[in-house]
């Protein structure tokens, strides 16, 4: 596994050095959660959890890492020795990857010696924030598409290789049925999908000849891109090739629309294909699509069987990033709370309970860990004493679970979403009020 010890912010390391020097490495609990939903979003799909667990239990500092840190002339040899022997020894509780959750839900809770827990902050946020962002966006796109399928076309617009790979995995968990990313197909087992580019069409004397050439190479359900010159003429040429394939015992799989008025063009294309006895040929649409455009096409009953979504899926446009944070909630002195306006946190070791009725999720309850409030607990212990308790779940298992988790939420409207509701338990609310008063009094005394 790739060494990620230095994939962190400097202040994680300097805090660790100060904790060690001050003898303050007692157990502490940190929660990772996302503060608020982006505009129009009603839920998150928790993702990157499996990667985060693996990263935590395998984190170590190499001799190269230690040499680099020594060269910065910031750290004592005692602290460098501590890092050289670093091994996570704590507990991790987490929601299952793919769980649909609301804001302020702890996705991961770490209890460990303070330095160990602190050093995980940036790495875990880097892992979980992005993957949750893309899985959540994909879920919205898939929801908008209804019975039509969604394929990830985002690799060329992703923010470099890692985003393209983790984004393809996240999109699959969110409900996409495949990806154009061949490497993601190989590494994760995601079905791969694609056709040809406009350059292929332009490489032949005519569009019809290019279609025939492509069909000769790929006679079993090829997809033909029909909008290089004139879309409806392209549909007619595709129909000709479709009938030629039939005569040879094969079938045309689909045609793809990549520009223009997708509603009108899909209707005319459907008519052309049907008139030729090719009702089985699917229509795929692309061209800067997002959940809103797809929702409108669906509302107008566009005869589109699948959508290829690229830029706006792999970048979650227009949401630049999620407000995921990692906060101290308890240590050997008791519960800890942050009181900054707009950034107040919930203290203590907690559990999230999901209240269900007839297979539907009504709401969640954020409660103190041992508080009896009813519902099914979502946080489960996945690491004890630094040892992972269960192997990684398969991608297909995570995807199936995630789709069921999202389906269990209340009715959801892309254009008028209602945020999935989280209630705060009486015990937790009582702790918040007591700590708030305690710190307010302390500040008055100090002033």
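Numbering (the working numbering), first residue to last: 612 to 1058.
Every residue gets a Cβ at the ideal spot worked out from N, C-alpha and C, and that includes glycine.
From a predicted model like this one, the values you see are computed outputs, not experimental measurements.
I need the DSSP call for residue i, collapsed to helix, strand or coil.
| i | result |
| --- | --- |
| residue 1037 | helix |
| residue 841 | coil |
| residue 801 | coil |
| residue 1063 | Not covered by the structure: residue 1063. The range shown for the chain is 612 to 1058. |
| residue 930 | coil |
| residue 853 | helix |
| residue 657 | coil |
| residue 831 | strand |
| residue 631 | helix |
| residue 618 | coil |
| residue 826 | helix |
| residue 1048 | helix |
| residue 896 | strand |
| residue 766 | helix |
| residue 685 | coil |
| residue 819 | helix |
| residue 624 | helix |
| residue 924 | helix |
| residue 1057 | Residue confidence is low: residue 1057 scores 46 on pLDDT, short of 50, so the model does not pin down where it sits. Its coordinate-derived value is still stated next. Here residue 1057 sits in helix by DSSP. |
For the beta strand (DSSP E) containing residue i, list its first residue and its last residue.
| i | result |
| --- | --- |
| residue 788 | Run containing residue 788: none; DSSP gives neither H nor E here. |
| residue 862 | Residue 862 -> no beta strand (DSSP E), and no H or E assigned at all. |
| residue 640 | 638-645 |
| residue 917 | 917-920 |
| residue 886 | Counting along the chain, residue 886 falls outside any beta strand (DSSP E), though it belongs to the alpha helix (DSSP H) covering 873-886. |
Thinking residue i and residue j are a contact (beta carbons under 8 Å), I'd like their distance in whole angstroms, please.
| i | j | result |
| --- | --- | --- |
| residue 804 | residue 811 | Contact doesn't hold; Cβ gap of about 16 Å is too wide. |
| residue 965 | residue 986 | 5 Å |
| residue 739 | residue 618 | Contact flag wrong, Cβ pair sits at about 13 Å. |
| residue 938 | residue 642 | 6 Å |
| residue 676 | residue 616 | 5 Å |
| residue 640 | residue 941 | 4 Å |
| residue 1017 | residue 656 | 7 Å |
| residue 745 | residue 708 | No, residue 745 and residue 708 are not in contact; Cβ-Cβ is about 13 Å, not under 8 Å. |
| residue 727 | residue 687 | The pair is not a contact, with the Cβ atoms about 18 Å apart (cut-off 8 Å). |
| residue 705 | residue 993 | 5 Å |
| residue 1014 | residue 786 | 6 Å |
| residue 852 | residue 826 | 5 Å |
| residue 1042 | residue 946 | 5 Å |
| residue 917 | residue 668 | Not confirmed; about 39 Å, so no contact. |
| residue 863 | residue 889 | 7 Å |
| residue 877 | residue 914 | 5 Å |
| residue 1032 | residue 971 | Not a contact, Cβ separation roughly 13 Å. |
Relative to the C-alpha of residue i, which candidate in the options has its C-alpha closest?
| i | options | result |
| --- | --- | --- |
| residue 961 | 738, 1038, 653 and 757 | 1038 |
| residue 835 | 798, 868 and 841 | 868 |
| residue 1063 | 806, 832 and 860 | A question about residue 1063 goes unanswered here, because the residues of the chain that appear run from 612 up to 1058. |
| residue 1006 | 613, 789 and 646 | 789 |
| residue 936 | 613, 629 and 644 | 644 |
| residue 783 | 1034, 907, 1029 and 919 | 919 |
| residue 1045 | 958, 887, 814 and 927 | 958 |
| residue 1036 | 975, 1029 and 1011 | 975 |
| residue 1068 | 994, 963 and 1003 | Coverage of the chain is limited to positions 612 through 1058, which leaves residue 1068 absent and any answer about it impossible. |
| residue 953 | 647, 737 and 906 | 647 |
| residue 850 | 906, 652, 819 and 779 | 819 |
| residue 723 | 891, 731 and 746 | 731 |
| residue 614 | 622, 651, 670 and 620 | 670 |
| residue 771 | 982, 713, 925 and 621 | 925 |
| residue 1003 | 917, 799 and 762 | 799 |
| residue 934 | 785, 741, 682 and 832 | 741 |
| residue 991 | 637, 664, 627 and 650 | 664 |
| residue 765 | 781, 754, 878 and 757 | 781 |
| residue 748 | 871, 778 and 927 | 927 |
| residue 932 | 678, 653 and 737 | 737 |
| residue 896 | 908, 690, 886 and 887 | 908 |
| residue 865 | 881, 871, 859 and 875 | 881 |
Quick check on the DSSP output: the alpha helix (DSSP H) that includes residue i runs from which residue to which?
| i | result |
| --- | --- |
| residue 676 | 674-682 |
| residue 904 | 902-910 |
| residue 811 | 809-813 |
Ignoring anything shorter than 3 residues or poking outside the region 936-1018, list the beta strand (DSSP E) runs there in chain order. Counting whole runs of 3 or more residues, the region 936-1018 contains the beta strand (DSSP E) stretches 961-968, 971-979 and 991-995.
Quick one: which unbroken alpha helix (DSSP H) runs of 4-plus residues sit fully inside the region 687-764? Chain order, please. Unbroken alpha helix (DSSP H) stretches of 4 residues or longer found wholly inside the region 687-764: 688-695, 725-730 and 732-756, given in chain order.
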